[in-house]
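Number 611 in my numbering belongs to position 611 of the sequence shown; there are no gaps in the numbering.
C-beta atoms are modelled at their ideal positions from N, C-alpha and C, and glycine is treated no differently.
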Amino acid sequence: MGSMGMAKVWIAVTVAVVFLRWAGFIPAPVGAGTRAVMGSATGSMSGASAGVPEGATVGASGGAAAPGGDSQGTAVAQGTAAAAPSSPVVDALRQSPVAGSWYPGDPTELQALVDRLLTAADSAPATTSAGVSGVVSGENSGAMTASGSFEVEANAAGSSPAGEVAPGEIRAILVPHAGYQYSGEVAASAVRLLRGRSYRRVVVIGPAHTRPFSGLAVATESRWGTPLGEIPLDREALAALQRDELVQAVPRAFAREHSIDMTLPLLQRALAPGFRLVPVLVGDLDPQGFARAAEVIRPLLDEGTLLVISGDFTHYGPDHGYLPFPPDQGLMARIRELDRGAFEKIRARDPGGLLEYRLRTGITACAFGPAMILTHLLDAESVTTLLRHETSGEFLRVGQNSVSYLAAAFSRPEPFDRVLTPSPVSQADLELLHRMAQHVLRLAVERGPGAVDAEAVARQFSLPERLRRPSGAFVTLERQGRLRGCIGHIEPVEPLFEAVIDNAVSAALEDHRFPPVTAAELPQLEVVVSILSPLAPIATPEAFRVGEEGIVLTRGWKRAVYLPEVAREAGWTREKTLDSLAVKAGLSPGAWRQGSRLEVFTTQVYSAPMREDSSR
């Protein structure tokens, strides 16, 4: 299908989803409202995040723009049904739905296979990959060989060189989840690094392939079983997750799901016994929802916890509905390049860039949703190591369909729950960001928003690398002391310099409370750039320092934010500020007193009038 055909399909699907949402058949994606309108006592969340069309959402398996998935012969669009209400964990055993198909159901045979995979990953050269003998039914299913047994053999199928893990504690791994004949050795190349280690808890985050829902889903059973034995679930951790409305119990989402189960026998054989499992499935989330999901999960990721991200990369071919390249001799090289482009966004800790890459390329990677959450967890102290990169098209020697498998390790000096507060932005950097905001503001108003190219602006202003770290940011425009526009990102959904550029343009042209700024107004504008610290939840409203901190109120789908100066300039008390914030979120005054989540932040601010020439 050509680019025009793909565009028509995307438009048709988008229109259908918008209509069904409007009609009430489909819930809004969790986290909706990534860009906030700010600066007055009225207004609401609006707009979309970096690289996402207004109203667009992204499913954990790629969404409507990226059909495919690696469930057993079917592909289910994400985000097309509401999750069931939250349920407590019950004393019950869930048996693996993939034993005997995706991996052996016999304990002795499975143990021998897993041990061979781990041993092969220990000793194999960089070019070794897992192969399969016998008749295979299904590109990515766990079909057994013709004789009914599972066999693993080595072949030279062009793996990427195995990386050397950087010094520091491994806090997370990325593994594929296809049948063990296809991706078992790739997954083992990451799991083997943890042999003999003891963890109190293992959090496994995987995409949902068989049951659509919004937000995050957790299981309700107290124990999960594989042929190698039972694994207890961490009841306290599951209960803690469900205290956030982003997380719901969706038992049917786990009934036939394989993305988490495929990791478990490997973990059972490699890790010391005794860990408790926290299985989490990723459903339909918008960009802010991914950021919020990371913060919901972060408190669990302490010193005694391992994070496992389960997902496959490019699903190419007619079976997956994705054919961006012709099946010629250069196909596998192009697929590898496509995979690496996505992986480099993860390595760069750039969730906005990863989202833009998926939307631009249409890459059908079921790893996308879990990887977005991981990318939000990574910071400047995190070191990413790519361990293996395989494509099934190479070792199966078929050209029509292929699935990509990557394994990686993520090291960090401290656990993910210990947030390392970013260093404050220097005064010189604040001034640079302010000049960039003025420059793009003038470009967008005089020539249109299409004239703004963030990377071209970065080169023009010799952008230092430190300003590429993700950060929340707002840009406020004032004219003769009165608000003229204010748009921002509460959470770090894109690099800081891009957040400033995007929000400067949006404050001028997209704040629905005001008409677009005209060229004649530019000399009269005061431009205010605010850089936000990470959000910090507060236990009680009394912990909110009025006038010193910004405040975010969240209840269910509703959310509102005030920058610190709003209450300060209005002379409001704490109660008046929170009442006004609740009304802004579409709630009644006083709704903040019970059942709402409150988070605070601080800002670094640079304010100055528009300059005649801000291009240098």
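Cβ-Cβ distances below 6 Å link Glu230 to Arg223 in the same chain, with the five nearest sequence neighbours on each side left out; the list follows chain order. Under the three-state reduction of DSSP, His209 is assigned to coil, being neither helix nor strand. By the Cβ rule, the segment 335 to 352 does not count as touching the segment 243 to 260, because fewer than three pairs are nearer than 8 Å. The beta-carbon distance between Ser123 and Leu387, rounded to whole angstroms, is 14 Å. This is too long to meet the 8 Å contact definition. Counting only residues of its own chain and dropping the five nearest sequence neighbours on each side, Leu331 has a CB closer than 6 Å to the CB of Phe325. Scanning the segment 277 to 314 for uninterrupted alpha helix (DSSP H) segments of 4 residues or longer gives 287 to 297, listed from N- to C-terminal end.
Using a 10 angstroms sphere on the CB of Leu374, the tally of other CB atoms reaches 16 or more, which defines it as buried. CA-to-CA, the gap between Gly586 and Ala519 works out to about 34 Å. Taking 8 Å as the cut-off, the Cβ atoms of Ile205 and Ser310 count as close.
Under the three-state reduction of DSSP output, Phe254 falls in the helix class. Unbroken beta strand (DSSP E) runs of no fewer than 3 residues, entirely contained in the segment 580 to 607, are found at 597 to 601, following chain order. Gly184 carries a helical assignment under DSSP once its states are collapsed to helix, strand and coil.
Between the C-alpha atoms of Arg360 and Leu354 there is a straight-line separation of about 10 Å.
With contacts defined as CB atoms closer than 8 Å, Thr220 and Pro251 qualify as a contacting pair. The Cβ atoms of Leu118 and Arg192 lie closer than 8 Å to each other. With fewer than 16 other CB atoms across the displayed protein chains lying within 10 angstroms of its CB, Asp328 is exposed. Taking C-beta atoms as the reference points, Glu569 and Val600 fail to come closer than 8 Å. Taking C-alpha positions only, Asp417 is separated from Gly362 by approximately 33 Å. DSSP places Asp429 inside the alpha helix (DSSP H), whose first and last residues are 427 to 447. Ala456 is positioned such that its CB atom lies no closer than 8 Å to that of Ile487. With distances taken between CA atoms, Ala409 lies nearest to Ile173 out of Ile173, Pro104, Ala92.
Under the three-state reduction of DSSP, Ile531 is assigned to strand. Closest option to Asp106, judged by alpha-carbon separation, among Ser183, Gly225, His315: Gly225.
Here the segment 270 to 286 makes no contact with the segment 379 to 386; the two share fewer than three CB pairs at distances below 8 Å. In its chain, beyond the 5 residues on either side, Ala508, Leu509 have a beta carbon closer than 7 Å to the beta carbon of Pro516. Shown here for Ala567: same chain residues with a beta carbon closer than 6 Å to its own, the five before and five after excluded, namely Val546, Gly547, Thr577 in chain order. In the three-state reduction of the DSSP assignment, Phe544 falls in the coil class, being assigned neither a helical nor a strand state. In the assembly as shown, Gln288 is a buried residue. Its beta-carbon has 16 or more other beta-carbons within 10 Å. Of the residues assessed, Gly184 falls on the buried side of the cut-off, its CB having 16 or more other CB atoms within 10 angstroms.
In terms of Cβ geometry, Leu216 and Gln268 do not form a close pair [threshold 8 Å].
Its Cα nearest to that of Ser530, the residue Tyr562 stands out among Pro537, Tyr562, Gly481. In the DSSP assignment, Ser392 falls within the alpha helix (DSSP H) that extends over 392 to 395. Close CB contacts of Glu431 within its chain, under the 7 Å cut and outside five residues either way in sequence, are with Tyr606 (chain order). One Cα belongs to Ile551, the other to Gly590, and the distance between them is close to 15 Å. In its chain, beyond the 5 residues on either side, Pro541, Leu553, Leu578, Asp579, Leu581, Ala582, Leu598 have a beta carbon closer than 8 Å to the beta carbon of Trp592. Sorting His315, Leu477, Asp339 by C-alpha distance to the C-alpha of Thr364 places His315 at the top.
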